[in-house]
Ligand SMILES: [Zn+2]
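Now the structure itself:
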């Protein structure tokens with residue numbers, strides 16, 4: 013489907029811009045994108061609003077390409093070389109862990125290898141996948157599962173995960189043996205559910221099983237697959253009922269009780285549960301539930317980053333509580349499904365907010381180390397037995413190889429690659445930009461190959477240039493998400509006039525495309541403030557949240573622990589300057605209090621030195637604002653009286669920080 017560069021050059025030379033008829037109309041509803049709500053596809057499932065493109069057809073460009081390269085050159089591309097739980101996994105014929113860790117790693121490294129088109133990484137992945145498929149038993153179970161797995165109760169979570177990995181691999185490669193293995197295993201799973209209903213992790217993550225089941229159903233049309241989908245739905249935990257209870261509104265107390273239903277990773281995963289099951293049941297209440305679920309999480313556990321706390325169960329709005337990295341990447345993946353199924357633009361806003369803030373902040377800039385828990389107000393990361401987590405341990409906010417527990421070490425890899433793979437989706441005969449980052453995508457419509465390229469430094473800039481390139485004339489819609497915050501957003505198609513766009517919607521440009529046509533978007537980013545925990549204030553602009561810039565020192569720790577050889581060591585991080593500032597802000601006119609300055613986007617885009625934009629504000633030190641428990645700084649409530657001198661403060665994007673204050677006490681001029 014790719015045009016040769018020669019051909020592209022030829023027809024680029026012959027374009028008459030502005031010649032094609034232009035019809036642009038605002039989309040109030042996804043129906044207009046060509047996928048009527050509730051329409052059944054051939055498999056018997058309701059059609060999603062937008063269909064993700066096959067893995068490998070969306071390619072990261074610009075800063076996103078650099079970010080993914082950093083990831084592949086960091087822990088993600090090398091974890092199997094020294095970490096036994098992946099390299100020596102029972103999934104790969106070794107003697108180490110044989111549960112979720114190797115499938116978790118593959119779940120991120122498969123899309124990483126294909127979005128980057130990294131042949132060496134693809135070859136590595138192929139060896140591991142081939143091993144899993146070659147060692148599947150005749151009864152359909154994968155090798156790490158005990159010989160009596162078909163007769164005895166066995167928690168099915170890792171099986172649901174492994175199949176999710178294998179269908180991604182099948183989508184990228186078309187390897188028929190892999191789909192065959194998935195089909196045999198799903199059959200064994202259906203039999204197993206008939207004997208023993210889901211329990212423990214499998215019960216709380218039942219909807220993850222729908223992903224491989226739907227994929228297999230759309231590929232083969234076999235009717236028993238939807239019986240399996242119905243069984244998973246029936247036997248799985250009912251989050252819709254749980255979110256009606258008082259219990260969900262209550263933060264887990266310090267040293268509180270660990271529970272599956274309030275577990276933060278389960279919560280991030282479950283955001284998509286009922287959008288997925290709606291495709292099976294067509295029950296409106298299920299389709300509507302994810303938005304309701306996010307509303308409840310925001311109200312009782314929400315953070316400025318668009319995430320919710322959980323260290324490791326939901327833990328309220330206090331910005332010193334943590335959020336586990338697994339929950340961040342799972343929430344992103346859920347949002348990618350939510351946009352696809354519902355076509356609701358707000359899920360795209362949320363996806364970008366998490367991707368550009370919570371995701372990068374919790375990694376060291378070189379992506380060799382990560383945290384288990386990140387805090388929105390995180391002024392130091394040290395080993396501290398007197399911490400305030402609900403059920404996590406003293407090392408949870410270190411940057412390291414496996415701080416607290418190794419699940420994130422295995423599961424963190426899916427964040428960036430799946431985000432890149434889901435930036436563009438099919439909208440009927442056309443294409444939709446559901447989230448924005450520099451990228452390109454190719455698809456075919458009415459037999460004509462089309463390439464769309466997004467050239468931008470967004471989210472560090474307000475302008476986005478999309479080029480639609482077709483060899484032959486083709487009529488199809490280009491569907492553009494307009495973020496809710498983008499008041500005054502405009503689009504200009506080719507040499508046409510500038511049109512105003514409606515924030516919080518999808519805008520459809522339906523026209524005949526020929527040659528290379530430029531579509532220029534402008535999303536004005538106005539500074540906004542919001543009131544948070546204890547009436548503290550947070551600053552945001554566009555999709556980025558801003559935090560106090562702090563100098564920092566990194567100290568290596570745990571050097572004697574296994575597998576901590578550099579570059580994958582453990583580190584404490586401490587501030588080298590005071591952090592205890594309140595902000596002086598005119599909340600009615602924040603643009604008079606905070607000014608922004610664009611900088612070149614760095615080679616390492618999410619690092620203190622690479623920040624593509626910084627901000628200046630004024631504040632005063634707040635007397636008495638101190639570390640509690642030797643580690644965290646609870647925001648004092650209300651407006652703080654301070655006689656300290658007014659100082660100029662530098663803020664920078666949350667995602668570029670390693671330590672930070674984000675929810676500030678308010679103080680006066
Ligand atoms: Zn984790």
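Residue numbers (this note's numbering): 13 to 681.
Glycine included, C-beta positions come from ideal geometry on N, C-alpha and C.
Using the three-state DSSP reduction, which class does residue 578 fall into: helix, strand or coil?
coil
Hey, is residue 419 close to ligand 1, as in C-beta under 7 Å from one of its heavy atoms?
yes
Within the continuous alpha helix (DSSP H) that includes residue 278, where are the two ends?
276 to 282
Expressed to the nearest angstrom, what Euclidean distance is found between the alpha-carbon atoms of residue 312 and residue 522?
42 Å
Would you say the segment 525 to 536 touches the segment 469 to 481, given that touching needs at least three Cβ pairs under 8 Å?
yes
Spatial distance of residue 307 from residue 542 (CA atoms):
16 Å
Is residue 72 helix, strand or coil by DSSP?
strand
Out of curiosity, what's the CA-to-CA distance linking residue 59 and residue 438?
12 Å
Beta strand (DSSP E) segment containing residue 647, residue limits
Per DSSP, residue 647 belongs to no beta strand (DSSP E) and is neither H nor E.
Going along the chain, which unbroken runs of the alpha helix (DSSP H) with 4 or more residues stay wholly within the segment 76 to 133?
87 to 90, 96 to 99 and 113 to 127
Within a Cβ cutoff of 6 Å, which residues of the same chain sit near residue 126, ignoring the five residues on either side of it in sequence?
Within the same chain, residue 126 has close Cβ partners 67, 68 and 184.
How do the segment 451 to 466 and the segment 371 to 383 stand: do at least 3 beta-carbon pairs fall below 8 Å, yes or no?
no
C-alpha distance - residue 22 paired with residue 464, whole-angstrom precision
In this prediction, residue 22 scores a pLDDT of 33, lower than 50, which makes its location untrustworthy; no coordinate-derived value is stated.
What distance in whole Å lies between the Cβ atoms of residue 678 and residue 594, which are believed to be in contact at a cut-off of 8 Å?
6 Å
Per DSSP, what kind of secondary structure is residue 636 in: helix, strand or coil?
Three-state DSSP puts residue 636 in coil, outside helix and strand.
Assuming residue 476 and residue 435 are in contact, meaning their beta carbons sit under 8 Å apart, how far apart are those beta carbons, in whole angstroms?
At roughly 12 Å, the Cβ-Cβ gap does not stay under 8 Å, so residue 476 and residue 435 are not in contact.
Where in the segment 456 to 521 do unbroken runs of the beta strand (DSSP E), each at least 3 residues long, occur, reported from the N-terminal end onward?
460 to 468, 475 to 494 and 502 to 505
Taking 7 Å as the line, does the beta carbon of residue 278 fall inside it for any heavy atom of ligand 1?
No, Cβ of residue 278 sits at least 7 Å from all heavy atoms of ligand 1.
Check the C-beta distance from residue 190 over to residue 145 and give it rounded, since I have them as a contact under 8 Å.
About 6 Å separates the beta carbon of residue 190 from that of residue 145, a gap short enough to meet the 8 Å contact definition.
Inter-residue spacing [alpha-carbon to alpha-carbon] between residue 537 and residue 607
12 Å
Can you have a look at residue 214 and say buried or exposed, based on whether 16 or more other CB atoms are within 10 angstroms of its CB?
buried
Please give me, in chain order, every unbroken run of the alpha helix (DSSP H) with length at least 4 that falls completely inside the segment 284 to 337.
285 to 293 and 296 to 313
Quick one: using the 10 Å Cβ neighbour count with 16 as the cut-off for buried, is residue 253 buried or exposed?
exposed
Using a Cβ-Cβ cutoff of less than 8 Å, which residues in the same chain neighbour residue 577 once the five nearest sequence positions on both sides are dropped?
94
Taking the alpha-carbon positions, what's the residue 286 to residue 632 distance?
Put simply, the backbone Cα of residue 286 is about 47 Å away from that of residue 632.
Length-filtered (3 minimum) beta strand (DSSP E) runs lying within the segment 341 to 414:
Secondary structure within the segment 341 to 414: the beta strand (DSSP E) runs of 3 or more consecutive residues, fully enclosed, are 385 to 387 (chain order).
C-beta atoms of residue 402 and residue 268 nearer than 8 Å:
yes
Could you tell me if the beta carbon of residue 404 falls within a distance shorter than 7 Å of some heavy atom in ligand 1?
A distance criterion of 7 Å places the beta-carbon of residue 404 beyond contact range of ligand 1, judged by its closest non-hydrogen atom.
Neighbourhood of residue 462 by C-beta distance below 8 Å, restricted to the same chain and skipping five residues each side
443, 454, 455, 456, 480, 481, 482, 486, 488 and 525
Under the rule that 16 or more other beta-carbon atoms within 10 Å means buried, what is residue 148, buried or exposed?
buried
Where does residue 540 sit, in a helix, a strand or coil, going by DSSP?
strand
My understanding is that residue 165 touches residue 201, with C-beta atoms under 8 Å, so please give their C-beta distance in whole angstroms.
Not a contact, Cβ separation roughly 13 Å.
Outcome for residue 240 when other beta-carbon atoms lying within 10 angstroms are tallied against a minimum of 16:
Classification of residue 240: buried, given that the 10 Å Cβ count is 16 or more.
Tell me the rounded alpha-carbon separation between residue 658 and residue 647.
19 Å
Could you give the first and the last residue of the continuous beta strand (DSSP E) run that contains residue 557?
556 to 560
Please report how far the alpha carbon of residue 115 lies from the alpha carbon of residue 604, in whole angstroms.
Cα to Cα, the separation comes out at about 50 Å.
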